[in-house]
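So the sequence shown is numbered by UniProt numbering: it starts at 1 and just counts up by one. Glycine included, every Cβ here is placed at the ideal spot set by N, Cα and C. First comes the structure, then the notes that go with it.
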Amino acid sequence: MSLRAHLAERLDGALPAGWYPTWRRAVGLGVPVTARNGVGQLMRTTDVVVSAALSPAAVVGLGIADLFASLPFRASGGVVGAAATLTSQDTGAGADANRNEAFTQAALLAALVTLPFALVGVGLGAEVLRLVGADAESARKGARYLALVSVPMPLGALAAVASATLEATGDTRTPTYVSVPASAFNAAASLVFGLGLLGAPRLGIVGIGAASLVAMTARSLVLVGYTHLRGPVTFVRPRDPTIARQIVRIGVPQSAAGVVTAVAVFPFNTLVLQFGTAANAGYQLAWRVYTQVLAPVGGGVARGASIVVGQRLGERAAAGAGDGDDAGADGATGDGTPASAVEGREESALPVARVATALVVLGGGVALVLGGGVALAAGPIARLLAAEPAVAAAATPFVTVLGLSGVLGITNVVASASLDAAGETRVPLASRVVGMFGGYVAVSWGLYELLGWGIEAAYAGQFACYVLMLAVTAWGLVRTDWVGRATAMLDERGSVGSDR
């Protein structure tokens, strides 16, 4: 027996029954997502570095243009999440026709949502940037970049749905195989054409935008084409309004959660600015550490958890429809055999709630190691990334707090993934509202204004945000009937008890 097999056997024996196979599958699904997210973050960091080498106006123009360019994907993010939810459930239930319908309707809806943003970005970019406070030079440079990245927005939305759909069927590798080379090309082309390296023309911010346009277009065409022609789903003529209603019902709270985050960040940034430029730079640096190190890992584990739970919900509903009262929450068939034993997946014998519990513990363990490591190494990390001693000194406590907060944040994201997989997206929205406005805004500003705290008010607000979010999500997992909601939605769209 190999060392790996021996360790796996020991771990399986030490954990509650079914936990190790659940962990193994979630990690296997999540690792490609983590890799893709990490490379994507590096690509965005490269764009910022290139713009900084051009001029201050380029930095401002790129930053403001990116804020606008993120809006259509925030708006369509709920549709993408809904597509993943329905697809994972229908995969578990074996409802291939409904899965195709959900993919098609979500793709069309996502493209329609992003189209107005694309038109505005192409035709009115300078006006939009001036409206949000950019000076004339920054608006001029940013508008050129925005026009280029706006062109492929609807196609990018189609690709986002295709990627989420493939992942929800259990294929997280194909989107990674496509996206990682595209992101690497994007970063390299931004460097070469933005700065005029290797004899290429120095196109400045236009070079950054052109690199993004080519990379996003190529990535999107390959993903959409593969999904339709070679993937487990395909485009069909949309016919079922029930599926459209469920996409909206699931997606609207998810999109709203993204808006809540975007809005709450502004008053928090305003508070940090009260303590000077170095403090704000330190916060931005710490946030970059969070998005580059903690967020990709948390997102990968959460994606794997969502797929596992969503498919298990579909399997459970299909078993219940096939065997009536003989198939309970434990997913057993009439003869006592686990409903998905035929599938060969041990974790499918677990009740859905225990699957979710196992995954939350997994997320918490990963978060503790990663977030704790970042917190312990906060000083060296800050000194490595900050050229000025004042910025490094300001960044160190922010990195520490975000590392500790990340333990709660990653755990919360993984816990929310089970609710999202069930279509219960209202609880994660409530979690985001309570955490962002109750912690990020109210606690930080309250301590600053009412009790006279200094920068420590910002640290406390950050930590309180994640405490509140996790508390609300935990309540939702324990107290709401999210499993019943998923079963009802599967039945409503005819994914169980029929040949769909």
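C-beta atoms of Val180 and Val39 nearer than 8 Å: Yes, the pair counts as a contact, with Cβ atoms nearer than the cut-off.
First through last residue of the alpha helix (DSSP H) which encompasses residue 555: Examination of residue 555 is not possible in this model, given that the chain is present from 1 through 500 alone.
Residue span of the alpha helix (DSSP H) that contains Ile208, given as start and end: For Ile208, the uninterrupted alpha helix (DSSP H) segment begins and ends at Ile205 to Leu229.
Of the listed residues Val113, Val434 and Phe398, nearest to Gln284 (C-alpha basis): Comparing Cα positions, the closest option is Phe398.
Best match in Ala200, Val483, Val214 and Trp445 for proximity to Leu419 [C-alpha to C-alpha]: Here the closest residue by C-alpha is Val483.
Closest Cα partner of Asp66 within the set Thr400, Gly125, Gly494 and Ser255: Comparing alpha carbon positions, the residue from Thr400, Gly125, Gly494 and Ser255 closest to Asp66 is Gly125.
Pick from Glu388, Pro380, Trp445 and Thr480 that is closest to Arg426, judged by C-alpha positions: When each option's Cα is compared against that of Arg426, the closest is Thr480.
Stretch-stretch touch, CB-based, cutoff 8 Å, three pairs: the segment 402-417 with the segment 456-466: Touching, per the Cβ criterion.
Same chain, Cβ closer than 6 Å to Ser183, five either side skipped, listed in chain order: So the qualifying residues of the chain are Val39, Gly40 and Met43.
Rounded C-alpha distance that separates Phe268 from Gly94: Roughly 46 Å between the two C-alpha positions.
Residues of its chain near Leu490, where Cβ-Cβ distance is below 7 Å and the 5 sequence neighbours each way are ignored: Excluding sequence neighbours, Leu490 sits near Gln89, Ala93, Gly314, Ala317 and Val496.
DSSP three-state assignment for residue 501, whether helix, strand or coil: The first residue shown for the chain is 1 and the last is 500, placing residue 501 beyond what the model contains.
N- and C-terminal bounds of the alpha helix (DSSP H) containing Gly379: Per DSSP, the continuous alpha helix (DSSP H) segment holding Gly379 begins and ends at Ala378 to Leu385.
Assigned secondary structure, Pro397 (DSSP; H/G/I helix, E/B strand, else coil): Looking at Pro397 - three-state DSSP - the assignment turns out to be helix.
Exposure of Val369, with buried meaning 16 or more beta-carbon neighbours within 10 Å: So Val369 ends up on the exposed side.
8 Å Cβ cutoff met for Ala378 and Thr400: Taking 8 Å as the Cβ cut-off, Ala378 and Thr400 qualify as a contacting pair.
Alpha helix (DSSP H) segment containing Ser431, residue limits: That run of the alpha helix (DSSP H) goes Arg426 to Val433.
Assigned secondary structure, Glu388 (DSSP; H/G/I helix, E/B strand, else coil): Glu388 carries a coil assignment under DSSP once its states are collapsed to helix, strand and coil.
Straight-line Cα distance separating Ala319 from Ala332: The pLDDT assigned to Ala332 is 37, lower than 50, so where the model puts this residue is not dependable; a value taken from the coordinates is nonetheless given after this. The alpha-carbon atoms of Ala332 and Ala319 are separated by roughly 8 Å.
Distance, Arg493 Cα to Leu477 Cα: Cα to Cα, Leu477 sits roughly 24 Å from Arg493.
Residue-chain proximity (Pro253, chain D), Cβ-Cβ < 8 Å: As a matter of chain content, chain D is missing from the structure shown, which is built from one protein chain.
Inter-residue spacing [alpha-carbon to alpha-carbon] between Ala8 and Arg237: The alpha-carbon atoms of Ala8 and Arg237 are separated by roughly 46 Å.
Local Cβ density within 10 Å of Pro175, reported as buried at 16 or more and exposed below that: Classification of Pro175: buried, given that the 10 Å Cβ count is 16 or more.
Same chain, Cβ closer than 6 Å to Thr487, five either side skipped, listed in chain order: Setting aside the 5 residues that flank it on each side, Thr487 is surrounded in the same chain by Ala317, each with a C-beta closer than 6 Å to its C-beta; the list follows chain order.
Other residues of its chain near Asn98: CB distance less than 8 Å, five sequence neighbours each side excluded: Taking Asn98 as the centre and dropping the five residues before and after it, the same chain places the C-beta of Leu86, Asp90, Asp240, Ile243, Arg493, Gly494, Ser495 and Arg500 closer than 8 Å to its C-beta, in chain order.
Delimiting residues of the alpha helix (DSSP H) encompassing Leu191: Per DSSP, Leu191 belongs to the alpha helix (DSSP H) from Arg173 to Leu195.
Residue from Val214, Val33, Val120 and Ala168 with nearest C-alpha to Val308: Comparing alpha-carbon positions, the option among Val214, Val33, Val120 and Ala168 lying closest to Val308 turns out to be Ala168.
Integer-rounded CB distance, given that Arg25 should sit under 8 Å from Thr172: Not confirmed; about 11 Å, so no contact.
Alpha carbon of Pro32 to alpha carbon of Gly454, nearest angstrom: The alpha-carbon atoms of Pro32 and Gly454 are separated by roughly 42 Å.
Through-space distance from Gly13 to Pro338, alpha-carbon basis: Caution applies to Pro338, whose pLDDT of 35 falls short of 50 and renders its modelled position unreliable; the value that the coordinates give is listed next. Using only the alpha carbons, I get a separation of about 20 Å.
7 Å CB neighbourhood of Ala143 in its chain, flanking five on each side removed: In chain order, Gly125, Ala126 and Leu129 place their CB closer than 7 Å to the CB of Ala143, counting only its own chain and leaving out the 5 sequence neighbours on each side.
Distance CB(residue 501)-CB(Ala110) smaller than 8 Å: There is no way to answer for residue 501, as the model of the chain reaches only from 1 to 500.
For Ala95, the three-state DSSP class (helix, strand or coil): Three-state DSSP puts Ala95 in coil, outside helix and strand.
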